[in-house]
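The letter at position 54 of the sequence shown is residue 54 when you use the UniProt record's numbering, and the numbering goes up by one with no holes.
Where is the CB? At the ideal position from N, CA and C, for every residue including glycine.
Here the structure is a predicted model, which means the values were calculated and not measured.
Here the structure comes first, spelled out in structure tokens, and everything after it is commentary.
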Amino acid sequence: MTINRYKHSWPTRLFHAALALSIITQLATSQFMVTPKAGRPENVFFEIHEYSGLTALVLATLFFLNIAFRNRGTEAGLLFPWFSGARLRALGADISQFLKSAAKFRLPPYHSESPIASAVHGLGLLLMALMASTGALWWAGGKFGVPGSQITDVAMEVHEIFSNLVWVYLIGHAAMALIHHYTDQMSLKEMWSLKKHRG
């Protein structure tokens, strides 16, 4: 008999952990890095920021491929419900239920594949992919001799505009996970254990 100890597959948990660590590295180094300008070289934190960003782009791409081909875990339609009327109606109903619970200072019942939780996870993945791809585009422009072009300038503007949103997402995401964990609605091991399952 097949035994699945974890709701999420091992590749999903692995890519989630690796992407989370690369994003935390990005946020930490952004507080100390020196961006190169005329007459001012970059520092080591900027270099770490660059290469952890390129790593994040690879990991985000692998995460998307994993979502497309996995046979266990949250469906892609739940993560990205924006092109389905039925999915959007379910999301609207779930948001309404969440607001009613919040008005009473209560958490709604936890369900790992609720429309709102799934959509927020999908938006988070899209946000991380956006940050990694705009950073990589700016890096490629400097690396291959086209710094200051309109495309790289726009990429950096987008990167900077959304950078604070990454902080908001990371803090909110971690806070909700801890709340659900310590209210016994779920275990952090569901996503943070890297043990392989049988089957």
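Quiz item: Do P108 and S101 come within 7 Å of each other at the CB atom, strictly closer than that value?
Solution: Going by C-beta atoms, S101 is nearer than 7 Å to P108.
Quiz prompt | Beta-carbon proximity check, H8 vs G73, cutoff 7 Å | solution = Closer than 7 Å, so yes.
Quiz item: For I116, is the classification buried or exposed, using 16 other Cβ atoms within 10 angstroms of its Cβ as the cut-off for buried?
Solution: I116 should be labelled buried.
Self-check item: L194 and R13 closer than 7 Å at C-beta
Solution: Result yes, Cβ atoms of L194 and R13 sit closer than 7 Å.
Practice problem: For chain B, find out if any of its Cβ atoms is closer than 7 Å to the Cβ of S30; answer yes or no. | Solution: Checking the listed chains, one finds no chain B in this structure; it contains a single protein chain.
Quiz prompt | Start-end ranges of the beta strand (DSSP E) lying completely within the region 4-61, minimum 3 residues | solution = Complete beta strand (DSSP E) runs here, min 3: none at all.
Practice problem: Measure the Cβ-Cβ separation of Y169 and G122 and say whether it is below 7 Å. | Solution: Not closer than 7 Å, so no.
Practice problem: Starting from N164, trace the alpha helix (DSSP H) both ways and give me its first and last residue. | Solution: According to the DSSP assignment, N164 belongs to the alpha helix (DSSP H) that extends over Q150 to Y182.
Practice problem: Can you give me the Cβ contacts of N66 inside the same chain, cut-off strictly under 7 Å, excluding the 5 residues immediately before and after it? | Solution: These residues qualify, in order along the chain: P11, T12 and F15.
Exercise. Would you mind giving the Cβ-Cβ distance between A17 and W167, rounded to the nearest angstrom? I have them listed as a contact below 8 Å.
Key: Between W167 and A17 the Cβ distance is about 19 Å, and since that is not below 8 Å, they are no contact.
Self-check item: Where M131 sits in the DSSP three-state scheme
Solution: DSSP, read as helix, strand or coil, puts M131 in helix.
Exercise. Write down the C-beta distance between F46 and T35 rounded to the nearest angstrom, noting that I regard them as a contact closer than 8 Å.
Key: About 6 Å separates the two Cβ atoms, so the contact holds.
Self-check item: Other residues of its chain near H49: CB distance less than 7 Å, five sequence neighbours each side excluded
Solution: So the qualifying residues of the chain are Q26, T29, S30 and M33.
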